[in-house]
Structure formats: C-alpha cells, structure tokens
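If you're matching them up, the sequences are chains A and B in order. For reference, each letter of the first sequence is one residue, going 1 to 233 in our numbering. For reference, each letter of the second sequence is one residue, going 1001 to 1233 in our numbering. These notes are about the structure you will find just below.
Number of protein chains: 2
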Amino acid sequence: MTRALSSPGIDRAAAFASDARGDGLAVSLVGECATTFEGRAERSLPAGVRTLLWKPDDTVLVHGATGRDPDAWASGGSVAVEATGDELFVRCDSGDAADALTVRFTAVQHAAAFDPADDDPEASGTEADLKERVLADPDIVEPGFQPRTTERETPAGPVDVYGRGRDGAVVAVELKARRVGPAAASQLERYVNALRRDLHADADVRGVLVAPEITEKARRLLAANGLSFSPVE
Amino acid sequence: MTRALSSPGIDRAAAFASDARGDGLAVSLVGECATTFEGRAERSLPAGVRTLLWKPDDTVLVHGATGRDPDAWASGGSVAVEATGDELFVRCDSGDAADALTVRFTAVQHAAAFDPADDDPEASGTEADLKERVLADPDIVEPGFQPRTTERETPAGPVDVYGRGRDGAVVAVELKARRVGPAAASQLERYVNALRRDLHADADVRGVLVAPEITEKARRLLAANGLSFSPVE
DNA sequence: CGGTTCATGTCGCAC
DNA sequence: GTGCGACGTGAACCG
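What follows is the structure, encoded as structure tokens:
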C-alpha cells in the first residue's frame, strides 16, 4: 500500500507517479523544480528543491522551506504528468477558471506513494460552540436577553442570534470566537440596518457584538453606530 | 543533501527526523498517525495514514487525502520529537498562544529529508497591479477623475486611491482584484464616512468601488449608501 | 451553481 | 508586538 523510490530519475519518477495515482494513492515527490501559475493572477518560482504532494482528489501542493501555505498549488481540475527527456512536468488545469499550474522538475531525489486517510475531525471552540453558550446563558449578551431564533434571515444576511431585550426591543447578536476588528462591526451594522428597514418603522432594534476581545477601531465603529460589545470568556 | 528511509520503525524514524532537523533540513514522514490540537480551538483526527511535513522554520503540516489546507498544523513555536516504545510523538508548542499540536505515529512507512528552497515568487495581477492601471488611466474610476494620493490615511484606515472628481468633489476609491461582496462595500463606506467626518462639513465626498465584478447584495448596499461601482478589466 | 460567512485562517506591512 | 487588510485565500453551508 505504500511504495517509495530513491533517486528514481525523471522517467521512473514520472511512471511511478502516474501508476500510483492510477491506483488512487497520494504521491510525494522531492526534487529540484520551478513553478509557473497563470489564471486569477500570475506567479512563478525559480528552480529550487521543494516537495510536491499530489493528492487523490487531484489537489497538487508545492512546499518550500517555510510557511503553512504552499508556495504553489492547484485544485479542482485535472492533473497530468509528462517526462520529456530530462524534465518532468506536472501540469494542472482548472476546468472552470483559466487557472493553470505547471511544475517543472529537473531532478527527483525521492518519490513516495501512500493511501491517505480522509476523516472528518472532531472540533469544538468554534463559533457554533459559542452560540450554544449564548443560548444556554443569554445574559452573556445583556441582562434579560431572550433569544428567539438563530441564523434569522435578513436582506443583509443571517443574524447569528435574534431575540428581544428586557425592554422589548429587537436585539441582533453577532458572535465571533476570536478578537474582532472593523469588519465584524460592519457586519453587525449591516444586519441591524436591514432589520430596521424591514421591521415596522417604530421598532427599536439594537445590535450586540459578542466576542472575547475587540480592537480599538472596531470599538469606536460600534459606538458611532449605536451598537454595543459584550465580552465573553 | 537528501536522505530517505523505508519502513524505518519508530525509533529510527525519530532519530532520523531529529538528526535531519538538526542539520537544518525539512523532514517528511508518511505513516499511521492521529492528531490533537488544543488552543484557539480544539480539534482532533482519528488514526489514519497521512504525511507530516516538518519545515526548517518549525512549521509542521499534516496532510490527508484531500484539500489544499492541512488537516492539522502548527507554526511559530517549538517542535519536539519523542519515541516512547512503539509510538512516535511530534509535539508542537506555540510560544505566545496556548496552541499545542500533538501528532502520534503508531507506524512510519517512509521518511525523507531534504534542503528546501526559500525563494520569493514573481507575482502580478494583484491589487497593487490594479492600482497601477487606475493611476495610468483614471477614467476607469469615472470620467475626469484626478488621483491625488494612494493609501491616504483616514481614521477608518487607508483609502486605496484618493482624488478629485471633475466636479471638484473628493473621491475615495477602493480597489479589488476579484469579485466583491458586502464586506468590500462596507469597507468603502467606512472610509467615506471617515472622510466626511474629517473634512470640512461642506465637502462633497463620493466613494467608488473598482473591481471586475460585484454581487447583487453588495450592489444594493452601495446604492443604499450613495456609493458607486465601476467595473474594470 | 452562486452567494455569503467562517477559519486554529495565513501572510505581509505599517505604526 | 499589535492592528489592519489582502489573499490565486480555502471550505462549509444554504438557497
């Protein structure tokens, strides 16, 4: 189920990769390569030693020395390997967009193939998690807050938690699991404005942003729009 | 400069990885592993065959069968390998946050080490590129537009292009290289509001969003705020 | 399939 | 270091 080659040379590396992917395996190549990308933007990398990962879903990743994100990548299209003399080409074409990634190897030091797992993770601590907490303890939003619905639709998009305050006013709550900036404040403002426009003209609508922290610019933005922030956890 | 082992077993794999990283190399492992992450959120993966990439900057990536993004990762902290009997642990601790990733291998099929490149890419077609085009041909924004400054500071953040319209009004331009949604419209609105507040009360301030495309919701949002959209490219 | 939002987003840059 | 916005963002969810 797992195979590998050391210093396979261009031709054997190409055959190895082609065969392995034909068997539904993931392929990993290590070698000297350069990349070019054209489509949504143009980007190219000079020759250098990198690792290429070609997954069963035809995602192709090229990783260099640093960073979480690949130096080059392709996904959602078709992939072809081709050995032309002393160069190995991996050509990736995206069906819909005009995206095209080409990886040109001039040497392959190592090749490996394996059958990778595809399992869903167990997760918690996300925004959905925070929603549970707010529904279990609505006073987090404000004292006396009564939640009515989650993901209530408005013309501006869905409000995370929708309910009524102790004074009967409509309250729209936007939840963020992390420190929030101006974008989150604007998001809440869009929802509140949409509700004010949609509900009866005399309806009182408030907006509360619930998050562990907020930046200063976002705080001012909320204040300028009559919205409030409620820290959590 | 490149090394590899097939079916090294736990102990040899641990020593191999440790040595290679000590020499400043990147390490790639393929084997049966499970992961747990705790910190900004909690997330765990069941045991399965995956590939782990441990980069010279101590970024650790765990990739499964699908997707551009890793199934688990860590970066910006310290990494330690440890072999305890029949299990190999890769423990990653982030210095600042409480982030901690643990990868537990119960088998290692392949190990490879190499000295990866770290080159900056050549890029074009980005937002900076669009700015050049607008400055070269300001009529893209609106007929008679005269750019004055780029990245002009406002209390809400920097305006991409700042200038005057044919009528003498202040014009704030927000550039996007791709299809824009409500967030971009709100961003422009924040800048325009900040300018209206900062400039003389009688100053006429307009806002123009320049992008290849716009969603319907964003278009309505612009209209509701008296802002305009100008398609490009 | 398109639109919108979430993400352990990551990454770069300026203050 | 923090804040802010771009990114070939990717990925899920919902109409």
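Positions of the beta carbon are idealized from the N, C-alpha and C atoms, including for glycine.
- For G1009 of chain B, the enclosing alpha helix (DSSP H) has its first and last residue at 1009 to 1022.
- Within its own chain, the residues whose Cβ lies closer than 6 angstroms to the Cβ of V159 of chain A, once the five positions on either side in sequence are excluded, are R152, A172, Y191, listed in chain order.
- Straight-line measurement puts the Cα of A1100 of chain B at about 18 angstroms from the Cα of A177 of chain A.
- Per DSSP, reduced to three states, the secondary structure at L52 of chain A is strand.
- When C-beta distances to chain B are compared with 7 angstroms, the residues of the region 189 to 215 of chain A below that value are R190, in chain order.
- In the structure shown, the three-state DSSP call for L1025 of chain B is coil.
- Chain order gives the chain B residues near P182 of chain A as A1156, G1157, S1186, Q1187, R1190, where near means a beta carbon separation below 9 angstroms.
- Taking 7 angstroms as the threshold, the shortest C-beta distance from V49 of chain A to chain B falls below it.
- DSSP links V1192 of chain B through a beta bridge to no other residue.
- According to DSSP, residue pairing for I214 of chain A in a beta bridge involves A:V180.
- Interface annotation, T36 of chain A: not in contact with chain B, CB-CB separation never under 7 angstroms.
- Following the DSSP letters along the chain, one finds R1133 of chain B inside the alpha helix (DSSP H) bounded by residues 1127 to 1136.
- Counting C-beta atoms within 10 angstroms of its own C-beta, E213 of chain A has fewer than 16 neighbours from the protein chains shown and is therefore classed as exposed.
- Across the structure, A41 of chain A and C92 of chain A are spaced so that their CA atoms are roughly 15 angstroms apart.
- Collapsing the DSSP output to three states places R1068 of chain B in coil.
- T1126 of chain B reaches chain A at A41, counting residues in chain order whose Cβ is nearer than 7 angstroms.
- Within 8 angstroms of the CB of G67 of chain A, the CB atoms of chain B belong to K1055, D1057, T1059, S1075, in sequence order along the chain.
- Residue burial annotation: A184 of chain A is buried, with at least 16 other C-beta atoms found within 10 angstroms of its C-beta.
- Taken through DSSP and simplified to helix, strand or coil, S75 of chain A comes out as coil.
- E1038 of chain B and L1005 of chain B have their C-alpha atoms roughly 31 angstroms apart.
- DSSP places G157 of chain A inside the beta strand (DSSP E), whose first and last residues are 157 to 164.
- When rounded, the separation of the alpha-carbon atoms in S1228 of chain B and N225 of chain A is 22 angstroms.
- Of all residues in the region 1118 to 1151 of chain B, those with a C-beta nearer than 7 angstroms to a C-beta of chain A are D1118, D1119, P1121, E1122, A1123, S1124, G1125, T1126, reading in chain order.
- Boundaries cannot be given for E1233 of chain B, as no beta strand (DSSP E) includes it and DSSP labels it neither H nor E.
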